[in-house]
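The numbering of the sequence shown is our numbering, which starts it at 48 and goes up by one.
Backbone N, C-alpha and C fix where the C-beta goes; we use that ideal spot for every residue, glycine too.
A short worksheet on the structure shown next.
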Amino acid sequence: MNVILISLCHVMPIREFFLNEKNYSNTKLPPGSIMFPLIQRFGDLVRKLWNPRNFRSHISPHEMLQAVVVCSKKKFQFTEQGDPVPFLSWLLNSLHYTLTGGKIKKRSIVFDTFQGEMVIHSRKVPPPGERATGEEFKTVSTKSPFLYLMLELPPAPLFADDSDHNIIPQVPIYKLLEKYNNLTEIEHKTYDATFLRRFEITKLPRYLILFVKRFTENRFFVEKNPTIVNFPISFDMAEFIETKVSDKYKSTEYNLLSNICHEGRAKGGTYSTHLHLSSANQWFELQDLHVTKLQPQMITLSESYIQIYERADFSVDPNRMSP
């Protein structure tokens, strides 16, 4: 949970909104809702972290974690380590639900910050030996909002190399993002049919979250794909979207703000965060109470799991406050 909370607290629109308690203190929720403590405690956490008069070198997120346990009905526990992706998805949607008073179609600072849009083009593949005739084989296009993009890694090698060492493959992030260029067709199987899907991004979010699918779980065990994703600190989404979409924006370039990585085995291991502090123009590695300076070259060597990118036209002024 900590890696998600510290990353979200450094997203500028989220930080600016929750620094002012008046922005959400009068939120009205449906009768019987237990969700208000979530935004209340998250706001407290943001103000503690960014308080320039804070005389302590660290703060405790204990109250926020307790609110998570209660509001998630014990789905997420701070006494045991869990996968940050389900927690991130739940937290963003829960903050949006609470800030809108349960009216999820209304706008909120959360969806204004992270939500993008895409169109999913899907067509059914005919069985072998049959022709694609009839309505069921026509392409169907569906609009779909997203809070993050999932990047699927190629399968990891099953065998060791000649030196009896496991091969750790590498793949550029551009290769993984080709899934969303509206050209690449991805196979999707159901119990009785096979579909080919194309993903076309039609709206870029202010802050782009990428999730690298490293873990595969079945009935017996959890398996981790150790593939290293090569990624730059800054990259341009223009090559993955149509020109008519990119022309809407002053910039389609994104700068890395936070990189959450996992080290170790699938069951267990440790999560840490690489965070860029604009006011100091410095990268830091955070793991629980340990904070160390980090060279940008070291970030790309990690087993990246979740990344948060900031669109260049929303870059933070380096003269703004720092924690």
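key: DSSP state of residue 222 mapped onto helix, strand, coil   = Residue 222: helix per DSSP, three-state reduction.
key: residue 49, enclosing alpha helix (DSSP H) - first and last residue   = Per DSSP, the unbroken alpha helix (DSSP H) holding residue 49 starts and ends at 49-55.
key: Neighbour-count burial assignment, residue 357, 16 or more Cβ in a 10 Å radius   = Buried.
request  = Find the nearest neighbour of residue 326 within the set 83, 69, 97, judged by alpha-carbon distance.
outcome  = Closest option to residue 326, Cα to Cα, is 97.
key: For residue 82, the three-state DSSP class (helix, strand or coil)   = It is coil, neither helix nor strand.
query = If you run the structure through DSSP and keep just helix, strand and coil, what is residue 156?
reply = Residue 156 falls in the helix class under three-state DSSP.
query = My guess is that residue 258 and residue 132 are in contact by the Cβ rule of under 8 Å, so how many angstroms apart are they, rounded?
reply = The pair is a contact, with the Cβ atoms about 6 Å apart (cut-off 8 Å).
query = Helix, strand or coil: how does DSSP classify residue 309 here?
reply = The three-state reading of DSSP puts residue 309 in strand, counting E and B together.
query = Which two residues bound the contiguous beta strand (DSSP E) that contains residue 197?
reply = In the DSSP annotation of this structure, the continuous segment of the beta strand (DSSP E) that includes residue 197 starts and ends at 196-199.
query = Would you call residue 143 buried or exposed, if buried means 16 or more other Cβ atoms sit within 10 Å of its Cβ?
reply = That one is buried.
query = Quick one: Cα of residue 224 to Cα of residue 198, how far?
reply = Looking at the two C-alpha atoms, the distance is approximately 7 Å.
message = Going by the DSSP bridge assignment, what does residue 269 pair with across the sheet?
response = DSSP output for residue 269 lists 264 as bridge partner(s).
task = Put residue 330 into one of helix, strand or coil per three-state DSSP.
result = In the structure shown, residue 330 falls within a strand segment according to DSSP collapsed to helix, strand and coil.
query = Quick one: does residue 118 have its CB under 9 Å from some CB of chain D?
reply = Looking for chain D here will not work: only one protein chain is present.
message = By the DSSP assignment, the alpha helix (DSSP H) with residue 290 in it spans what residues?
response = For residue 290, the enclosing alpha helix (DSSP H) starts and ends at 290-293.
ask   = Going by the beta-carbon positions, is the gap between residue 191 and residue 215 smaller than 9 Å?
value = Here residue 191 is not near residue 215, since their CB atoms are 9 Å or more apart.
key: Closest by C-alpha distance to residue 254, when choosing among 298, 134, 180   = The residue with the shortest Cα to Cα distance from residue 254 is 298.
query = Where does residue 236 sit, in a helix, a strand or coil, going by DSSP?
reply = Correct three-state label for residue 236: strand.
ask   = Are residue 118 and residue 61 touching if we call contact CB-CB under 9 Å?
value = With contacts defined as CB atoms closer than 9 Å, residue 118 and residue 61 fail to qualify as a contacting pair.
message = Assuming contact is defined by CB atoms lying nearer than 9 Å, are residue 242 and residue 157 in contact in what I supplied?
response = In this structure, residue 242 sits away from residue 157, with a CB-CB distance that is not shorter than 9 Å.
key: Close-in-space but distant-in-sequence residues of the same chain around residue 313 (CB under 7 Å, 5 per side omitted)   = Counting only Cβ-Cβ distances below 7 Å, and skipping sequence neighbours, we find 262, 269, 270, 271.
key: residue 211, buried or exposed, once every other Cβ within 10 Å from all chains shown has been counted against 16   = Note on residue 211: pLDDT 49, under 50, position unreliable in the model; no value is reported.
inquiry  = Taking the beta strand (DSSP E) that residue 192 belongs to, which residues open and close that run?
reply    = Its beta strand (DSSP E) spans residues 187-193.
task = Using three-state DSSP, classify residue 300 as helix, strand or coil.
result = It is a strand residue.
request  = Provide the residue(s) that pair with residue 318 in DSSP beta bridges, ordered along the chain.
outcome  = For residue 318, the pairing in a beta bridge is given by DSSP as 309.
query = What number of angstroms, rounded off, separates the C-alpha of residue 135 from the C-alpha of residue 122?
reply = Computed Cα separation, rounded: 13 Å.
ask   = First and last residue of the alpha helix (DSSP H) that includes residue 113?
value = From DSSP, the alpha helix (DSSP H) with residue 113 extends over 109-118.
Assumed close pair residue 138, residue 94 - CB separation to whole angstroms, cut-off 8 Å = About 18 Å; that fails the 8 Å criterion.
message = If you measure between the beta carbons of residue 52 and residue 141, is that distance less than 9 Å?
response = Between residue 52 and residue 141, the C-beta gap is not smaller than 9 Å, which leaves the two residues out of contact.
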